[in-house]
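Reviewing the structure listed below.
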Amino acid sequence: MNESIIKPENLVYRKTPVLTDNVLHYCPGCGHGTVHRIIAEVIEEMGIQETTVGVAPVGCSVLAYNYFEVDMQEAAHGRAPALATAIKRLKPDFHVFTYQGDGDLAAIGTGETIHACNRGENITMIFINNGIYGMTGGQMAPTTLEGMKTSTSPYGRDLRTMGNPLRITEILAQLPGTYYVTRQAVYTPALVRKCKKAIRQGFENQKKQKGTSFIEVVSNCNSGWKMSPVASNKWLEENMLTLYPLGDIKVPTENK
Amino acid sequence: MAKGTIVIDTEKCKGCAVCTGACPNKVIALSSKVNGKGYNYLEMVNEDCIGCANCAIVCPDGVITVYRAK
Amino acid sequence: MKELRLMKGNEAVAESAIRYGVDGYFGYPITPQSEILEHLMAENPYEKTGMVVLQAESEVASINMVYGGAACGKRVMTTSSSPGISLMQEGLSYIAGAELPCLVVNVVRGGPGLGTIQPSQADYFQTTKGGGHGDYRLITLAPASVQEMYDFVGLGFELAFKYRNPAMILSDGVIGQVMEKVVIDDYKPRWTDEYIKKTFPWATTGKNPNQSHVIVTSLQLDPVKQEQVNLRIQAKYRECEKNDARCELLNCDDAEYVFVAYGSSARICQKAIELGREKGIKIGLVRPITLWPFPTKVLRDMTSKVKGMLSVEMSAGQMVEDVLLATQHKVKVEHFGRFGGMIPTPQEVLEVLETKIIGG
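Written out as structure tokens, the structure reads:
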């Protein structure tokens, strides 16, 4: 290692101060940490640390409030969009985001999600989809793929008895209240850069008062999927992206 | 002559190895040694770092700081 | 300048909220309290005071919107009736656990289940004994007139912020629907964001430079810390019991018997007292204004002065348990109630006193 390069003027990348110094509780290789980091970087770059309130969900990211160095609220399971609605209505100049997993956003909180988006609340919703309930130990989620094994679908998800995986992002894109809907991933540097751009746009959109910005991030759950982190990212690419293809689903008309 | 280098917070590293595949010059690998939490942490294995920050960008735990000579 | 108006109890709640300077109302229609949201929407308070009014998609969403607003240090409220309040129990538990102030109004109707839309007082247990999960209490105010519906909005917020705990106005379908004259106040300005930021360091008002961020949560994974949270909350409740139990006494100076009744049942008892006194029976009324904290001491002190007490409620007998706890069997206590939406008559009430207490 060339120590002489380590000088402040040569710094090109460091952990943003909008993340606290707490050690993330996530499993090694989990995409949550990456998404936390790029959200925090966007907040830093936009200079909105003092005017941002985030809402954490119930699920693996229940403790997200320990990592973002912005004011944070912890919601009941699925209710983050309701909290965010009130925060934004009562503090319209603030930047408000929710951070939710698939169980929180697309199962127990479906009602709050759809109605916040349908009202066109000027908030940014970050949706981490890893097709499983990670925190409770790997149970089937609304987004679990057909045939995918979880602790509550131990022989694979049987569509006849367990229902179909829910593509909630496609549903939300059809609502008049959503302004920007996109699906991203964070398992390669290029994807992280792209996802960060999408999150930046989501936060910038709040200033336009034109509706909800919704960013799905297809992510991994190596513990729940019972794979190594690197293998889980490969599995994600080969399996998750078929049903959950990456890309913008709804783009503001002026960006088309 | 290396253009770049990284500083790794080895105590925070969880040894997931997501970064190793992102490095264009195969500069980083997991150590055979472990940190206080028992993870095989990341280390630099050669001098070919170009300071591209790819490793830091995919690191879920934000343990990598990147420098590049101007 | 004070103004006199003829209003429904529900309208009085809405008008009071606007004039008191409430920041946000989040609610969902349900009989018999829909006039609250209707009145708020008709008055367009955003133009008058900047108050936000939002019709939510459900009671579940409403109470969680209240959580979000309360966590910002804003004065926020919701209202509903029994089945809707049942849906809010999860949110109330979280609000109490996160130690946030807010106001909830329950215009009670008959249950259980979908029940009836007629008045009832059968949500006493739900309100005063918990309702949601965990050790918490709701500061509970029981209005017996339209004027009190109006006044208790302000009182409710005052107590909610004093103890950083949800307060509930436990009304019923009679008080919500009846029209009476009400003295109303001038519009008070809402708290400014600067005032809130300065006064409530626990609120998410935006991170202060050189200070750590604010976290509002009801989660403590470490049981040692969670016990500390509980101990702090319980200490607050003991203070509240000591300082803020309220009740009204009527004709109690010479009373040999008392009715214990709140809300519209207290109004019925007032007439029953008149009828009884015409027959020479010396009856008084103890009307709890706060149901939690319950006016235990007043009732305990009364055990040496009266021969019997009749708890009159539009329920199968809920508050009577608190009366029994307060009086500790030192005096005869019985319950009389009509329920499922039925309202007792003064004659019925007096007859039960005569048979169960005086003659029993």
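Protein chains in written order, with our numbering: chain G, 34 to 289; chain E, 348 to 417; chain P, 12 to 371. Backbone N, C-alpha and C define an ideal beta-carbon position, used for all residues, glycine too.
By the Cβ-count criterion, Pro61/G is buried, with 16 or more other Cβ atoms from all chains shown falling within 10 Å of its own Cβ. The residue from Asn75/P, Gln222/P, Val118/P and Glu250/P with its alpha-carbon nearest to that of Glu101/P is Asn75/P.
The region 36 to 49 of chain P makes contact with the region 63 to 82 of chain P; the number of CB pairs closer than 8 Å reaches 3 or more.
Scanning the region 251 to 337 of chain P for uninterrupted beta strand (DSSP E) segments of 3 residues or longer gives 258 to 261, 268 to 271, 294 to 299, 301 to 303 and 319 to 324, listed from N- to C-terminal end. Here the region 77 to 93 of chain G does not lie against the region 188 to 196 of chain G, with fewer than 3 beta-carbon pairs under 8 Å apart.
Rounded to whole angstroms, the separation of the alpha carbons of Asn382/E and Lys283/G is 45 Å. Taking Glu74/G as the centre and dropping the five residues before and after it, the same chain places the C-beta of Thr49 closer than 6 Å to its C-beta, in chain order.
Phe168/P and Tyr174/P have their alpha carbons spaced roughly 10 Å apart. A direct Cα-Cα distance of roughly 44 Å separates Ser73/P from Gly362/E.
Between Gly80/P and chain G, the shortest Cβ-Cβ separation is below 8 Å. Distances from the alpha-carbon of Pro299/P to those of Asp204/P, Asn219/P, Leu152/P and Glu252/P put Leu152/P closest. DSSP lists Val193/P as the bridge partner or partners of Arg16/P. Between Asn401/E and Ala369/E, the gap from beta carbon to beta carbon is short of 8 Å. With 16 or more other Cβ atoms from the protein chains shown falling within 10 Å of its own Cβ, Thr245/G counts as buried. Annotation for Lys182/G: Gly189 place their beta carbon closer than 6 Å to its own, counting only its chain and skipping 5 residues before and after. Using a CB distance below 9 Å, the part of the region 84 to 107 of chain P facing chain G consists of Lys85, Val87, Glu101, Gly102, Ser104 and Tyr105, ordered along the chain. For Tyr273/P against Ala155/P, the beta-carbon gap comes to about 7 Å, under 8 Å, which counts as contact. Interface flag for Glu42/G against chain E is set, since a Cβ pair is found closer than 8 Å. Chain G places no beta carbon closer than 8 Å to that of Ile375/E, leaving this residue out of the contacts.
Taking all protein chains shown into account, Pro114/G has 16 or more neighbouring C-beta atoms within 10 Å of its C-beta and is therefore buried. Taking a Cβ-Cβ cut-off of 8 Å, Arg70/G has no neighbours in chain P, whose nearest Cβ is about 16 Å from it. In this structure, the beta-carbon distance from Tyr78/P to Ile106/P falls below 8 Å. Among the residues of chain G, those whose CB is under 9 Å from the CB of Ala72/P are Arg112, Pro114, Ala115, Thr118, Gly144, Glu145, His148 and Ala149, following chain order.
Judged by their CB atoms, Thr314/P and Ala256/P are not nearer to each other than the 8 Å cut-off. Cβ proximity to chain P below 8 Å picks out Arg122, Leu123, Lys124 and Phe127 from the region 121 to 132 of chain G. Taking a contact to require three or more Cβ pairs closer than 8 Å, the region 116 to 136 of chain G and the region 88 to 95 of chain P do not qualify as touching.
Across the region 353 to 373 of chain E, CB contacts with chain G closer than 7 Å involve Val354, Lys359, Lys361, Gly362, Cys363, Ala364, Val365, Gly368 and Ala369, in sequence order along the chain.
Between Gly64/G and Ser252/G, the gap from beta carbon to beta carbon is short of 8 Å. Counting along the chain, Pro177/P sits inside the beta strand (DSSP E) bounded by residues Pro177 to Asp183.
Nearest C-alpha to Cys263/P among Glu54/P, Asn241/P, Arg288/P and Gly122/P: Arg288/P. Between Pro355/P and Ile279/P, the C-beta gap is smaller than 8 Å, which places the two residues in contact. DSSP places Arg120/P within a strand segment (E or B) once states are collapsed to three. Closer than 8 Å to the CB of Asp233/P there is not a single CB belonging to chain G. CA-CA distance, Glu54/P to Lys240/G, rounds to 29 Å.
Chain E has a Cβ within less than 8 Å of the Cβ of Pro262/G. The three-state secondary structure of Asp135/G, taken from DSSP, is helix.
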